[in-house]
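The next block holds one structure in the form of structure tokens; read it before the comments.
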Amino acid sequence: MIAKLRPAGMDRGERMVLVLIASALGCVVLSLTFGALGALAYMPAASETLLEGGVSLAQLRPLHTTFASAWLFLAAAAGAYAYLNTEFGETTAGDAWRFRIQMVLWGLAGLGAIFTLPFGIVSGREYLALHPALSLMIWVGWALFCWTFISKVRREFFARPVYVYMWSVGMLFFLWTFAEGHAYLLPWMKQRPLADLQVQWKSCGTLVASFNQMVYAGLLYIGVQKSGDESLGHSRSAFALFGIGLLNSFTNYVHHTYHLPQAEFLKWISFVVSMLEVIILVIVIKEVVQALRAKSLAGVAIFDASTSLFGLAKSWNMCLLFLALLISIPPLNTLIHGTHVVMAHSMGSELAIDSYILLGSFAFILGSLFPDPKVGEALIHAPRVQSSIRFLNVFLVCLVVLLVVEGLTIGITRYLGSPAPEWLIAFPPFFLVFGLGVAFFFLRLIVCWLPLMLAPAAFRNRSSIHSN
Ligand code: HEM
């Protein structure tokens, strides 16, 4: 694949960005496939067949969530490399070497995940399921990525736009947090289960905050590049988002440790900080979308995948904020704990906020790698892309509503001590249909962009679009 990504006219930095985009999309294809199989495992008959073949939901779940996380981190890294390439020009030989080693290490870790997780070689930890040897490969690859990024942005660091702070902090946070998440390997920790739980959730909270910072950075960077409005990168709300995101990285773990002994006021701090972050994020996305719309009104009024996906992410953010507010209220939190309402919140946020923003960023980055307007019309912002986004979103609304309704019903009946209502037997088939709908239209969108990754040289050449 990498060998094919050597089109004439593309410099080394651009090829690196394209390799990262292709790798991120590869991870999301794997995640969607494992997710779809997981949804199938909810159907009793299909589950039996899967079990006969030695496949269970317990094996599919960590594969699905591991590759979903890989998708988010790789996609965010693609945005950072796109920035380096635009801002600092041609990459050095050292950058290229680090990039190669980093991609080989991450690729080996990915292969390792596929060959270990299904065989039960797991850490047993939520979101950090991999064997520590694979984690080490990810960590070293990430350290090389940080080296390249920080060595370039460190000069005049404090004069740079806020998205550079976000990327830098997000990357360094990852190094610290990912290592901290493996503290369970220390013999000292093994003897202290309560401290183990506290450190585990503290590190998971910061890990989420680290990719959030990187996703926000990508959003702002693309917003500035696409609209030409530099003020977005220095605005008060963007800095507020950076500050509150930073603060939240230290407090958001409390949402997951309600069941551990801790002071009541900590819960309130965590609740207020998280809600503030979501509200400020809505304001920032609104500013970006407004700047993009102002630009497209001044230019050609055709469908634009980035503007559309950012706009959808903003609406989802408001809906999911409402859900997050509700489930953070302690009695309601107790009611829905361990039900599908939590999945609606976590999977919904990763799909409808993070993935939409990252896909929107890809649409812009691909547009700058393949600047021919005909490539944009025929592939990047094609009518097929528009319809895929529309249907993906419709199925996602149905999926999230279904998960909330089912989870809430289970929570209430569990509280009342009564059996689950009979109509809930309809949940698995609906879950399967809506989940497959989401997976299908997500994949359809990727297929629209696939030619750019399989034959980039052809599309870099302005005249070749008609022959494809
Ligand atoms: C990029 C898209 C996706 C992302 C980022 C994502 C992310 C996640 C996350 C974070 C979880 C853990 C939820 C929790 O327990 O709190 C999860 C679980 C799951 N997801 Fe996804 N997901 C995606 C797409 C899908 C699709 C399309 C399907 C179905 C076809 C699916 C099926 C599942 C299943 C079956 C589980 C496990 C549920 C259980 O434990 O019972 N996911 N996903």
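Read left to right, the sequence shown gives residues 330 to 797 (our numbering).
For every residue, glycine included, the Cβ atom is placed at its ideal position computed from N, Cα and C.
Could you tell me whether any non-hydrogen atom of the ligand HEM is closer than 7 Å to the CB of residue i?
| i | result |
| --- | --- |
| Leu361 | yes |
| Met676 | yes |
| Ala365 | yes |
| Trp778 | no |
| Leu638 | no |
| Thr394 | yes |
| Arg390 | yes |
| Ala397 | yes |
| Ala749 | no |
| Trp400 | yes |
| Glu679 | yes |
| Gly458 | Position check: residue 458 holds Ala in this sequence, whereas Gly was assumed. It does not: the Cβ of Ala458 is nowhere closer than 7 Å to a heavy atom of the ligand HEM. |
| Met543 | no |
| Leu731 | no |
| Ile765 | It should be pointed out that residue 765 corresponds to Leu in this sequence rather than to Ile. Leu765 Cβ: within cutoff of the ligand HEM. |
| Ser684 | yes |
| Asp375 | Per the sequence shown, residue 375 should be read as Ala rather than Asp. Ala375 Cβ: outside cutoff for every heavy atom of the ligand HEM. |
| Met372 | no |
| Leu473 | no |
| Met782 | no |
| Val723 | no |
| Ala768 | yes |
CB-CB under 8 Å to residue i, same chain, minus the five flanking residues each way: which ones, in chain order?
| i | result |
| --- | --- |
| Leu334 | In this prediction, Leu334 has a pLDDT of 44, which is less than 50 and means its spatial position is unreliable; what the coordinates show is noted afterwards. Around Leu334: Arg344, Leu347, Val348, Ala351, Met782 and Pro785. |
Residue i and residue j: beta carbons closer than 8 Å?
| i | j | result |
| --- | --- | --- |
| Gly342 | Glu419 | yes |
| Val602 | Thr586 | no |
| Ile718 | Ser637 | yes |
| Gly510 | Cys533 | yes |
| Val733 | Leu652 | yes |
| Leu621 | Ser635 | yes |
| Cys356 | Ala406 | no |
| Leu649 | Gly740 | no |
| Leu440 | Phe540 | no |
| Val328 | Val482 | Missing from the structure shown is residue 328; the chain here goes from 330 to 797 and no further. |
| Arg454 | Gln529 | yes |
| Phe396 | Leu359 | yes |
| Leu695 | Ile709 | yes |
| Tyr371 | Phe760 | yes |
| Leu721 | Phe756 | no |
On the criterion of 16 or more Cβ atoms from any shown chain inside 10 Å, does residue i qualify as buried, or is it exposed?
| i | result |
| --- | --- |
| Lys799 | Past the edges of the chain, shown from 330 to 797, lies residue 799, and the structure says nothing about it. |
| Gly736 | buried |
| Pro516 | exposed |
| Lys555 | buried |
| Ala332 | Residue confidence is low: Ala332 scores 39 on pLDDT, short of 50, so the model does not pin down where it sits. No coordinate-derived value is stated. |
| Thr668 | buried |
| Phe486 | exposed |
| His795 | Model confidence at His795 stands at a pLDDT of 43, short of 50, so the residue's coordinates are unreliable; what they give is reported in the following sentence. Classification of His795: exposed, given that the 10 Å Cβ count is below 16. |
| Pro490 | buried |
| Tyr744 | exposed |
| Gly574 | buried |
| Trp752 | exposed |
| Thr378 | exposed |
| Gln520 | exposed |
| Gly274 | With the chain running from 330 to 797 in the structure shown, residue 274 is simply not present. |
| Trp597 | exposed |
| Ser690 | buried |
| Ile430 | exposed |
| Val729 | buried |
| Gln591 | exposed |
Nearest CA to the CA of residue i: which residue from the options?
| i | options | result |
| --- | --- | --- |
| Asp683 | Pro702, Val583, Pro391 and Gly408 | Gly408 |
| Trp468 | Ser539, Phe507 and Ala673 | Phe507 |
| Gln542 | Ala512, Gln527 and Phe503 | Phe503 |
| Leu514 | Leu465, Leu501, Phe486 and Thr378 | Leu465 |
| Ile608 | Asn577, Leu526, Leu753 and His584 | Asn577 |
| Phe600 | Glu559, Ser657, Val611 and Arg565 | Ser657 |
| Lys615 | Leu548, Asp633, Ala488 and Gly572 | Leu548 |
| Val617 | Leu434, Ala353 and Ser566 | Ser566 |
| Asp525 | Ser560, Leu589 and Tyr545 | Leu589 |
| Gly423 | Phe448, Leu473, Leu688 and Ile443 | Leu473 |
| Thr314 | Tyr582, Met647 and Glu606 | Because residue 314 is not part of the residues shown, which for the chain are 330 to 797, the question remains open. |
| Leu437 | Ala425, Gly449 and Leu459 | Leu459 |
| Ser480 | Val544, Ala512, Leu413 and Val537 | Leu413 |
| Ala435 | Gly677, Gly470 and Val671 | Checking the displayed sequence, the identity of residue 435 turns out to be Trp instead of Ala. If we check each option's Cα against that of Trp435, Gly470 comes out closest. |
Could you name the residues of the same chain whose beta carbon sits closer than 6 Å to that of residue i, not counting the 5 residues immediately before and after it, in chain order?
| i | result |
| --- | --- |
| Ala711 | Cys777 |
| Phe788 | Phe699, Val704 and Leu781 |
| Ser793 | Any reading at Ser793 needs caution, since the residue's pLDDT is 46, under 50, leaving its predicted position unreliable; the model's value is listed next. For Ser793, where only same-chain residues beyond five positions count, the Cβ hits under 6 Å are Ala787. |
| Leu369 | Ala375 |
| Leu392 | Phe363 and Leu446 |
| Ala768 | Leu361 and Ala365 |
| Ala569 | Ile609 |
Are the C-beta of residue i and some C-beta of chain E separated by less than 8 Å?
| i | result |
| --- | --- |
| Pro516 | Looking at the structure shown, chain E is missing, and only one protein chain is on hand. |
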